[in-house]
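K.L.:
So the number in our numbering is just where the residue sits in the sequence shown, counting from 1, plus 23. Here it is, the structure, as structure tokens.
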Amino acid sequence: MSQLMSGARMLAECLAREGVECIFGYPGGVTLPFYDVLYEHHVRHVLVRHEENAAFAAEGYARTTGKVGVCCATSGPGATNLTTGLVDAMMDSIPIVALTGQVSSKLIGSDAFQEADTFGITRSCTKHNFLVKRFDEIPQAIHEAFYIAASGRPGPVLVDITKDALQGQGHYQPVSTIHLPGYKVFTEGHTGQIRRAAQMIAESERPLVYSGGGIVLAGAAPELREFVQLTSIPTVSTLMGLGALPTEHPNFISMPGMHGSYAANLALTNADLLIAVGVRFDDRVTGRLAAFAPHAKVIHVDIDPAEVGKNRVPDVPIVGDVKRVLAKLNKLIDETPAPEQKIAAARRAWANQIAEWKAEHPYDRSTSDSEIKPQHLMSEIDRCSGGQAIVTSDVGQHQMWAAQLIRFNEPRLWVNSGGLGSMGFGLPSAIGAQFARPDKLVFAICGDGGFQMSIPELATIASHALPIKMVIMNNGYLGMVRQWQTLFYNHRLSAVELDCFPDTDKLAAAYGIKGRTVEKPWELGPALEEAIKEPGPFLLNVKVTPLENVYPMVPAGSAINEMVLGPPQPVEAA
Numbered sequence: 024m025s026q027l028m029s030g031a032r033m034l035a036e037c038l039a040r041e042g043v044e045c046i047f048g049y050p051g052g053v054t055l056p057f058y059d060v061l062y063e064h065h066v067r068h069v070l071v072r073h074e075e076n077a078a079f080a081a082e083g084y085a086r087t088t089g090k091v092g093v094c095c096a097t098s099g100p101g102a103t104n105l106t107t108g109l110v111d112a113m114m115d116s117i118p119i120v121a122l123t124g125q126v127s128s129k130l131i132g133s134d135a136f137q138e139a140d141t142f143g144i145t146r147s148c149t150k151h152n153f154l155v156k157r158f159d160e161i162p163q164a165i166h167e168a169f170y171i172a173a174s175g176r177p178g179p180v181l182v183d184i185t186k187d188a189l190q191g192q193g194h195y196q197p198v199s200t201i202h203l204p205g206y207k208v209f210t211e212g213h214t215g216q217i218r219r220a221a222q223m224i225a226e227s228e229r230p231l232v233y234s235g236g237g238i239v240l241a242g243a244a245p246e247l248r249e250f251v252q253l254t255s256i257p258t259v260s261t262l263m264g265l266g267a268l269p270t271e272h273p274n275f276i277s278m279p280g281m282h283g284s285y286a287a288n289l290a291l292t293n294a295d296l297l298i299a300v301g302v303r304f305d306d307r308v309t310g311r312l313a314a315f316a317p318h319a320k321v322i323h324v325d326i327d328p329a330e331v332g333k334n335r336v337p338d339v340p341i342v343g344d345v346k347r348v349l350a351k352l353n354k355l356i357d358e359t360p361a362p363e364q365k366i367a368a369a370r371r372a373w374a375n376q377i378a379e380w381k382a383e384h385p386y387d388r389s390t391s392d393s394e395i396k397p398q399h400l401m402s403e404i405d406r407c408s409g410g411q412a413i414v415t416s417d418v419g420q421h422q423m424w425a426a427q428l429i430r431f432n433e434p435r436l437w438v439n440s441g442g443l444g445s446m447g448f449g450l451p452s453a454i455g456a457q458f459a460r461p462d463k464l465v466f467a468i469c470g471d472g473g474f475q476m477s478i479p480e481l482a483t484i485a486s487h488a489l490p491i492k493m494v495i496m497n498n499g500y501l502g503m504v505r506q507w508q509t510l511f512y513n514h515r516l517s518a519v520e521l522d523c524f525p526d527t528d529k530l531a532a533a534y535g536i537k538g539r540t541v542e543k544p545w546e547l548g549p550a551l552e553e554a555i556k557e558p559g560p561f562l563l564n565v566k567v568t569p570l571e572n573v574y575p576m577v578p579a580g581s582a583i584n585e586m587v588l589g590p591p592q593p594v595e596a597a
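Right under this line is the structure:
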């Protein structure tokens, strides 16, 4: 028998049926009916200090678990504050459901207090969105939202609910089936194309696996590892794909692209076959597109048909779930005879060439006796994490150094804003990650710029005693912007100096948490170990060399083999 309940209670019931454990949000006038229900409901609500951070926290939860993250905001400014997080999730294909309140349906269009056209504003930054004006539409909209967010290529879905819909009373009818005729997901991959791919792989002399975030999202890391094990093909993983193949795997090269390694970028440039799985040929990887992988045929596997052929036309396009496609491909390869002698010899030479490139120009891990270099900081975090900790990052130089130098031996350990590059992402995403994985050590690596965009979330961390180890790489600049101004704008440093930073000890103490500043290299290791031993949160402000640049670097508009490998060397007098 159906139950009589309010729209707000129906909403909470739907969330419970979807397995939602916690919501990150901020209440307001039109969402009060929902918050009144949450007062006695078992779904946990985490009060963040800014709605943008609610979306970032929901992303951190989703990125580390594979489940749908949930955030909530009120109408008007609450909803508009979510939009950066929605775009971020859209760019990185992260499944989140955003719940927003809307003014009563009879007031829509009247410029009522805290009214905004949330439905219109978010149309282009969500996978789908709903405007719900009646209480009996809530169950169908919520369950469809979760299905759309998690299926196919994941992404954010927004459900905007009017106040009168939340207040309305009616009989709740559980939704048992989802039927969306216009929404098609292609999962299996074309059998003939998979066979063509297997044949092409068997005939290739210089093959390279180019894997991306789609591997992580699809839970396809075991299938990728099996594929690499069967074929012994060298592999690069994009910024979003790190951890799908363990950093310590003998076939793993590194991250490719603008700040990728010399070996990874030369491997892409010289390969004769790219097995591109769960990638979108992003400009930060390809550099000048016309010069990208010029000698390679391309097999492209992706669940989103819009991505296949968008930037690079593949020789073998396969639209399907990368987990299922790789499983079928692995079966075919396992049944295929070993490569003929000539191809086997060519592949050994290819592997040796890549090993030479890796040895010729490894990532910079230099240290200093007098100052803390950023590379030293990341190496110490790597030592402490052992490839097993969750690491969230803000955006900038520290993000690139972390991606280069910290090991990730499992998927869903590396959490960062890839496509959108949202400063302020590191701290709130760590909150979501720590709630999702209370068993895990979580590092939040922030620059001194991004950290100051999310300082209020120290209150959320303190309130819940979340044992996040917050590490600020403090160089006194907006580092990546300064790097570009230094290298490409004739050292004309404009609006990039961060000349005022709070006293970390006092800032941490103001929120009732522990913190300290580290300035000497010999203090760094013990300080990180102290932070890890602390059962609660810890704020570590690490002052690093201010003018260090991230290398390698591919200048804008260049091919990825046209790397700047280090700082310009002074010309010696003849």
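Backbone N, C-alpha and C fix where the C-beta goes; we use that ideal spot for every residue, glycine too.
(1) Consult DSSP for D462 and reduce its assignment to one of helix, strand or coil.
(2) In whole angstroms, give me the CA-to-CA distance for P479 and D59.
(3) In its own chain, which residues sit with a C-beta less than 6 Å from the C-beta of R157, not counting the 5 before and 5 after it?
(4) Any idea which residues DSSP pairs P230 with across the strands?
(5) May I ask you to verify whether the stretch 139 to 149 touches the stretch 321 to 328, counting CB pairs closer than 8 Å and requiring at least 3?
(6) Based on the DSSP output, what are the partners of Y62 in its beta bridges?
(7) Compare the C-alpha of G535 against each of F431, F561, K543 and name the closest.
(8) So, helix, strand or coil for P340, using DSSP?
(9) Just to confirm my understanding: we take Q163, look at its own chain, exclude 5 residues before and 5 after, and list those with CB closer than 8 Å. What are they?
(10) T200: buried (16+ other C-beta within 10 angstroms of its C-beta) or exposed?
(11) Looking at C-beta atoms only, is the number of pairs between the stretch 352 to 361 and the stretch 258 to 270 that lie closer than 8 Å three or more?
(12) Leaving aside the five residues before and after V66 along the sequence, list all residues of the same chain whose C-beta is less than 8 Å from its C-beta, in chain order.
(13) Check whether the stretch 202 to 209 touches the stretch 232 to 244, taking contact to mean three or more Cβ pairs, one atom from each stretch, closer than 8 Å.
(14) Under 7 Å between the Cβ atoms of G410 and R430?
(15) Given this structure, state the Cα-to-Cα distance separating N353 from L253, to the nearest angstrom.
(16) Please say whether G447 and G470 have beta carbons closer to each other than 7 Å?
(17) Classify D183 as helix, strand or coil using the three-state DSSP reduction.
(18) Could you pull out every residue in the same chain whose Cβ sits closer than 6 Å to the Cβ of T185, ignoring the five residues on either side in sequence?
(19) Using CA coordinates, which residue listed in Q196, G310, M263, T292 is at the minimum distance from A316?
(20) Return the CA-CA distance between A244 and D526, expressed in angstroms with no decimal places.
(21) For G580 and Q196, what's the separation of their Cα atoms in angstroms?
(22) Near E249, what residues of its chain come up, given a Cβ to Cβ distance below 6 Å and the 5 sequence neighbours on each side ignored?
(23) Any chance you could list the alpha helix (DSSP H) runs of at least 4 consecutive residues sitting entirely within the stretch 225 to 270, in chain order?
(24) Within 10 Å of its beta-carbon, does V336 have 16 or more other beta-carbons around it, so buried, or fewer, so exposed?
(25) Contact between the stretch 270 to 282 and the stretch 303 to 322: three or more CB pairs below 8 Å?
(26) Hey, would you say the C-beta of F136 is under 6 Å away from at least one heavy atom of the ligand GTP?
(27) Might you give, ordered along the chain, the residues of its own chain that have their beta carbon closer than 8 Å to the beta carbon of Q216, omitting 5 neighbours on each side?
(28) Hey, how far is the Cα of M33 from the Cα of K207?
(29) Alpha carbon to alpha carbon, how far is A488 from V465? Give it in angstroms, no decimals.
(30) Between Q376 and E363, what straight-line distance do the alpha-carbon atoms span, to the nearest angstrom?
P.N.:
Reading from the atomic positions:
(1) As a working mapping, residue 462 is identified with position 439 in the sequence shown. In this structure, D462 counts as coil in the three-state DSSP scheme.
(2) By 1-based counting over the sequence shown, the position of residue 479 is 456. By 1-based counting over the sequence shown, the position of residue 59 is 36. For P479 and D59, the distance between alpha carbons rounds to 25 Å.
(3) For the purposes of this step, residue 157 is taken as the residue at position 134 of the sequence shown. Contacts found: A188.
(4) Along the sequence shown, read from residue 1 onward, the residue named residue 230 stands at position 207. Bridge partners of P230: L296.
(5) no
(6) Translated into the one-based positions of the sequence shown, residue 62 becomes position 39. In the DSSP output, where bridge partners are listed per residue, Y62 has none listed.
(7) Counting from one through the sequence shown, the residue named residue 535 turns up at place 512. Of F431, F561, K543, the residue nearest in Cα terms is F561.
(8) Within the sequence shown, residue 340 is the residue found at index 317, counting from 1. Strand at P340.
(9) By 1-based counting over the sequence shown, the position of residue 163 is 140. The answer, listed in chain order, is V198.
(10) For this step, residue 200 is matched to residue 177 along the sequence shown. Classification of T200: exposed, given that the 10 Å Cβ count is below 16.
(11) Taking a cut-off of 8 Å on C-beta distances, the stretch 352 to 361 does not touch the stretch 258 to 270, as fewer than three cross pairs fall below it.
(12) Against the sequence shown, residue 66 aligns to sequence position 43. Cβ neighbours of V66 beyond the five flanking positions: A35, L38, A39, V43, E44, C45, I46.
(13) no
(14) Position 387 of the sequence shown holds residue 410. Position 407 of the sequence shown holds residue 430. Result yes, Cβ atoms of G410 and R430 sit closer than 7 Å.
(15) For this step, residue 353 is matched to residue 330 along the sequence shown. For this step, residue 253 is matched to residue 230 along the sequence shown. If I take the Cα positions, the gap works out to 8 Å.
(16) Counting from one through the sequence shown, the residue named residue 470 turns up at place 447. Counting from one through the sequence shown, the residue named residue 447 turns up at place 424. No.
(17) Within the sequence shown, the letter at position 160 stands for residue 183. Strand at D183.
(18) Taking the sequence shown and counting its residues from 1, one reaches residue 185 at position 162. Taken in chain order, the residues that qualify are Q125, S127, S128, K156.
(19) As a working note, residue 316 is residue 293 in the sequence shown. Of the candidates Q196, G310, M263, T292, the one whose C-alpha sits nearest the C-alpha of A316 is T292.
(20) The count along the sequence shown starts at 1 and reaches residue 244 at position 221. The count along the sequence shown starts at 1 and reaches residue 526 at position 503. When rounded, the distance between both Cα atoms is 43 Å.
(21) Mapped onto the sequence shown, residue 580 falls at position 557. Mapped onto the sequence shown, residue 196 falls at position 173. Straight-line Cα distance between these residues: approximately 56 Å.
(22) For the purposes of this step, residue 249 is identified with residue 226 of the sequence shown, where counting begins at 1. N353.
(23) 236 to 240, 244 to 254
(24) Within the sequence shown, residue 336 is the residue found at index 313, counting from 1. Burial call: exposed.
(25) yes
(26) Of the ligands one can find in the structure shown there are none, so the ligand GTP has no counterpart to examine.
(27) Position 193 of the sequence shown, counted from the start, is the residue given in the question as residue 216. V339, P340, I341, listed in sequence order.
(28) Taking the sequence shown and counting its residues from 1, the one referred to as residue 33 is at position 10. Taking the sequence shown and counting its residues from 1, the one referred to as residue 207 is at position 184. In a straight line, the C-alpha of M33 is about 28 Å away from that of K207.
(29) As a first step, residue 465 is located in the sequence shown; it is residue number 442 there, counting from the start. As a first step, residue 488 is located in the sequence shown; it is residue number 465 there, counting from the start. Approximately 13 Å between the Cα atoms of the pair.
(30) Residue numbering aside, residue 376 sits at position 353 when the sequence shown is read from its first letter. Residue numbering aside, residue 363 sits at position 340 when the sequence shown is read from its first letter. Cα to Cα, the separation comes out at about 20 Å.
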